[in-house]
Amino acid sequence: MGDRLRLAIGVLGNAASLLLYAAPILTFARIIKRKSTEEFSCIPYILALWNCLLYTWYGLPVVSYRWENFPVVTVNGVGILLEISFIAIYFWLTSTKQKIKVAAMALGVLTFFIIIAIVSTFIFHDHHHRKVFVGSIGLVASVAMYGSPLVAVKQVIKTKSVEFMPFYLSLFSFISSSLWLAYGLLSHDLFLASPNLVGSPMGVLQLILYCKYRQRGVVEGPSKWDLESNGDRNKSKQLQLAENDHVTDPKCPS
C-alpha cells in the first residue's frame, strides 16, 4: 500500500511539475509577440535549469539505486529541455547587457554541473555517498530555485501589480512542491522532501500576493497614437485661434 501511494504521488508530482515547467510558455508567447523581455527576469529559469540538471543526475542509476527515482528523472529531463528553450528565447530578445549576464550565469551553471558529475562518478564509489553529495548540492539548488520568485515578489510589492508574476507559475509551483514534499517523506528521502519545505510556503506567499494585488490593474502611460492625436488636435486649435485673431484684430492687414 505504501509503495502504491508513493508511486501515485510520484505520478501526480510529475504531472504538476510538467505544468510548472511548461507554465512560462504563456509568458514567452507574450515576450515573442512584443519582441521584448520587458521587466521579466531570466534568473528563475537559469536556477530551474540548474535544479533540473542536478535532480536528473540524482535520479539516474549512477547515483541512485537502479531506477528507484525514475519519476524524478523523467520530469526533470523534460524540464531541462523546456528551461533551455526559455533561456534561448530570452537571450535572443534581450538587450546586449542582459545577454552577457545570461550567458555568464548559464555557462557557470553548466560548468558547475559538469564538475559535480565528474566528482560524484570518479571520487565516490558507492551509491550512498554519491546520493549524499549530489543530494546536498541539489538541496541548495532547489532552495535557490524556489527562492528565485522573491525577485518577482519584490516587484509586485513595489509596483502593487502582478503583471510580471504569472499566476499559473505560482499555482503550479505550490502544487508541485507540496506533492514532492509528500513523495520525499513517503520515500524517507530528505534530499527530495527538504527543498519543498521552502517551495510550498513560497508558493502560498505568491498566491496570497496575487489575490491581494490582482484587482489593482496596471497603470499605463498614453500611447504614441494618443500623443500624436492630441498633438494634432492642439495644432488645429492653435491654427483656429490664429485665424480668429487675424479676422478680429484691426491692426492685421487683410
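Under my numbering, think of the first position of the sequence shown as 1312, with each following residue one higher. Built from N, CA and C at the ideal position, the CB exists for glycine as well.
Three-state secondary structure (DSSP) of Phe1381: helix
Pair within 7 Å by beta-carbon distance, Phe1483 and Leu1331: yes
Buried versus exposed, by CB contacts within 10 Å (16 or more), Thr1432: exposed
Opening and closing residue of the alpha helix (DSSP H) in which Cys1522 lies: 1507 to 1524
Beta-carbon proximity check, Pro1456 vs Ala1359, cutoff 7 Å: A small fix is needed here, since residue 1456 is Met in this sequence, not Pro. A contact, by the Cβ cut-off of 7 Å.
Cutoff 6 Å; reference Pro1578; Cβ partners in own chain excluding five residues on either side: Any question about residue 1578 goes unanswered here, given that the chain covers just 1312 to 1565.
Whole-angstrom C-beta distance between Trp1361 and Phe1424, which should lie under 8 Å: By a beta-carbon distance limit of 8 Å, Phe1424 contacts Trp1361. Their separation comes to about 7 Å.
Close Cβ partners of Arg1525 (< 6 Å) along its chain, the five nearest in sequence each way excluded: Val1473
Whether Ala1504 touches Leu1516 by CB criterion (7 Å): no
Rounded straight-line distance, which links the Cα of Leu1316 to that of Ser1489: The alpha-carbon separation between Ser1489 and Leu1316 amounts to approximately 15 Å.
Proximity below 7 Å, CB of Val1454 to CB of Pro1506: yes
Residue nearest to Ala1327 in terms of C-alpha spacing, selected from Ala1415, Ala1452, Thr1385: Restricting attention to Ala1415, Ala1452, Thr1385, the CA atom closest to the CA of Ala1327 is found in Thr1385.
The region 1368 to 1379 in contact with the region 1341 to 1356 per 3-pair CB rule at 8 Å: No, they do not touch.
Inter-residue Cα distance where the pair is Glu1379 and Asp1500: Distance from the CA of Glu1379 to the CA of Asp1500, rounded to the nearest whole angstrom, comes to 11 Å.
Supposed close pair Leu1520, Val1443 - CB separation, criterion 8 Å: No, Leu1520 and Val1443 are not in contact; Cβ-Cβ is about 36 Å, not under 8 Å.
Whole-angstrom distance between Gly1321 and Leu1382, CA atom to CA atom: A small correction: the amino acid at residue 1382 is Pro; Leu does not occupy that position in the sequence shown. Those two C-alpha atoms are separated by around 6 Å.
Entirely enclosed beta strand (DSSP E) segments - the region 1422 to 1466, minimum 3 residues: none
Within 7 Å, strictly: CB atoms of Phe1485 and Gly1514: yes
C-alpha gap between Ala1417 and Ala1399, whole angstroms: 10 Å
Residue ranges of each alpha helix (DSSP H) within the region 1367 to 1419, 4 or longer: 1381 to 1404
C-alpha gap between Leu1364 and Ala1428, whole angstroms: 10 Å
Collapsed DSSP secondary structure at Lys1344 in the structure displayed: helix
Within 7 Å, strictly: CB atoms of Arg1441 and Val1509: no
Any chain C beta carbon closer than 7 Å to Asp1500: The question asks about chain C, but that chain is absent: this structure has only one protein chain.
Cβ pair Gly1324, Tyr1494 closer than 7 Å: yes
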